[in-house]
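Asks:
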Amino acid sequence: MIENLLRGFLPGGDTPGAPLPGNPVGDTGQMVVVSMPSATATQGTLTAFEKDANGQWKPVIGPTAAWVGSEGIGKSQDNVHRTPEGTFAIGRAFGRQDNPGTKLSYTKVDNQDWWDGNMKSPTYNQMVRQPSTPGEGSENLYDMGPAYDYAVEVKHNPTNTPGNASAIFLHVGNEPTWGCVAIGREQMVEILKWLDPAKNPKISIGVNTKSPADVKDAPSLVDPQGQPLGDDALSQILGQFTSVIPELLQSVTGSSK
Numbered sequence: 000m001i002e003n004l005l006r007g008f009l010p011g012g013d014t015p016g017a018p019l020p021g022n023p024v025g026d027t028g029q030m031v032v033v034s035m036p037s038a039t040a041t042q043g044t045l046t047a048f049e050k051d052a053n054g055q056w057k058p059v060i061g062p063t064a065a066w067v068g069s070e071g072i073g074k075s076q077d078n079v080h081r082t083p084e085g086t087f088a089i090g091r092a093f094g095r096q097d098n099p100g101t102k103l104s105y106t107k108v109d110n111q112d113w114w115d116g117n118m119k120s121p122t123y124n125q126m127v128r129q130p131s132t133p134g135e136g137s138e139n140l141y142d143m144g145p146a147y148d149y150a151v152e153v154k155h156n157p158t159n160t161p162g163n164a165s166a167i168f169l170h171v172g173n174e175p176t177w178g179c180v181a182i183g184r185e186q187m188v189e190i191l192k193w194l195d196p197a198k199n200p201k202i203s204i205g206v207n208t209k210s211p212a213d214v215k216d217a218p219s220l221v222d223p224q225g226q227p228l229g230d231d232a233l234s235q236i237l238g239q240f241t242s243v244i245p246e247l248l249q250s251v252t253g254s255s256k
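End of the sequence shown = 256 in numbering that gives the first Met the number 0, gap-free, step of one.
(1) Taking the CB atoms as reference points, tell me whether TYR123 and ASN173 lie closer together than 8 Å.
(2) Count the other CB atoms, across all protein chains shown, that sit within 10 Å of the CB of SER75; report buried if there are 16 or more and exposed otherwise.
(3) Compare the beta carbon distance of LEU45 and PRO58 with 8 Å and say whether it is the shorter of the two.
(4) What does DSSP give as the partner residue(s) for THR46 in the beta ladder?
(5) If you reduce the DSSP assignment to three classes, tell me which class LYS154 lands in.
(6) Using the three-state DSSP reduction, which class does ALA270 fall into: helix, strand or coil?
(7) Using three-state DSSP, classify PRO62 as helix, strand or coil.
(8) Between which two residues does the alpha helix (DSSP H) holding VAL108 run?
(9) Cβ atoms of ASP97 and LYS107: under 8 Å apart, would you say?
(10) Please look up how many angstroms separate the CB atoms of VAL32 and PHE48, rounded, as I've assumed it's under 8 Å.
(11) Rounded to a whole number of angstroms, what is the C-alpha to C-alpha distance between ALA88 and ASP51?
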């Protein structure tokens with residue numbers, strides 16, 4: 000059943016309507032969904048959904064392979080390599096490379112740009128620009144290397160509460176992380192170009208036991224030659240589960256509207 004395949008995209012799909020922790024908001028028009036087969040898994044899938052002019056959710060990017068913290072997902076903590084579980088706002092974008100064309104606020108970083116991870120600092124969990132480190136736990140956003148060629152903030156700790164983890168991003172990579180979500184470079188650029196702050200984008204990270212552990216087992220939005228499905232073919236597929244999308248996305252946004 001296509002409904003079961005779609006549930007593989009979505010954390011919470013085992014229990015439709017059960018909201019995830021975080022800050023679910025129903026007024027979003029874009030959802031980035033990171034679905035893991037278990038809380039201890041380090042690889043799953045990322046799929047981007049967009050609400051069209053008729054209020055229908057459609058998958059627009061992915062599924063693509065995604066990696067999370069080396070300790071899986073759950074409650075985020077400083078000095079624990081675990082990715083936060085929940086539904087969160089998407090914040091600023093940054094990178095070592097030029098803006099690839101995102102509509103988000105974008106900062107091209109150099110070696111004076113830091114993400115403050117010092118739990119005693121007044122700018123904890125914020126980007127700061129200064130010649131030297133803000134203190135223990137901070138990251139130099141340039142010296143972190145190609146992983147931060149392109150990145151976007153996951154606002155999992157909007158109150159910047161010390162201990163609840165800093166520097167959680169969606170960024171470039173192909174291996175387990177320190178608590179971020181990592182995807183391929185081309186896919187990261189595609190996501191950045193797609194994200195639109197006017198659509199109040201969110202990212203949802205969670206467990207779905209129906210989620211494929213390998214992206215090759217996920218339903219594809221491209222044809223066997225790797226080309227995007229045409230409108231007719233995609234519409235035919237979507238038509239089989241349009242009615243179930245609002246129910247499923249309610250589990251990650253708290254609303255089907």
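The beta-carbon is built from N, C-alpha and C at its ideal position, and this holds for glycine as well.
Replies: A quick look at the data gives this:
(1) In the sequence shown, residue 123 corresponds to position 124, counting from 1. In the sequence shown, residue 173 corresponds to position 174, counting from 1. Not a contact, by the Cβ cut-off of 8 Å.
(2) Counting from 1 along the sequence shown, the entry for residue 75 is found at position 76. Looking at its Cβ environment, which holds 16 or more other Cβ atoms inside 10 Å, SER75 is buried.
(3) Within the sequence shown, numbered from 1, the residue matching residue 45 stands at position 46. Within the sequence shown, numbered from 1, the residue matching residue 58 stands at position 59. Contact: no.
(4) Stepping through the sequence shown from its first residue, residue 46 is reached at position 47. THR46 is bridged to VAL32.
(5) Here residue 154 corresponds to residue number 155 of the sequence shown, with the count starting at 1. Correct three-state label for LYS154: strand.
(6) One cannot answer for residue 270 here, as it falls past the ends of the chain, which runs 0 to 256.
(7) What you label residue 62 is simply residue 63 of the sequence shown in a count that begins at 1. Here PRO62 sits in strand by DSSP.
(8) Within the sequence shown, residue 108 is the residue found at index 109, counting from 1. Run containing VAL108: none; DSSP gives neither H nor E here.
(9) Walking along the sequence shown from the start, residue 107 turns up at place 108. Walking along the sequence shown from the start, residue 97 turns up at place 98. Cβ distance < 8 Å, so LYS107 and ASP97 count as in contact.
(10) Working through the sequence shown from its first residue, we reach residue 32 at position 33. Working through the sequence shown from its first residue, we reach residue 48 at position 49. Yes, VAL32 and PHE48 are in contact; Cβ-Cβ is about 6 Å, under 8 Å.
(11) Position 89 of the sequence shown, counting from 1, holds the residue named residue 88. Position 52 of the sequence shown, counting from 1, holds the residue named residue 51. Roughly 20 Å separates the two Cα atoms.
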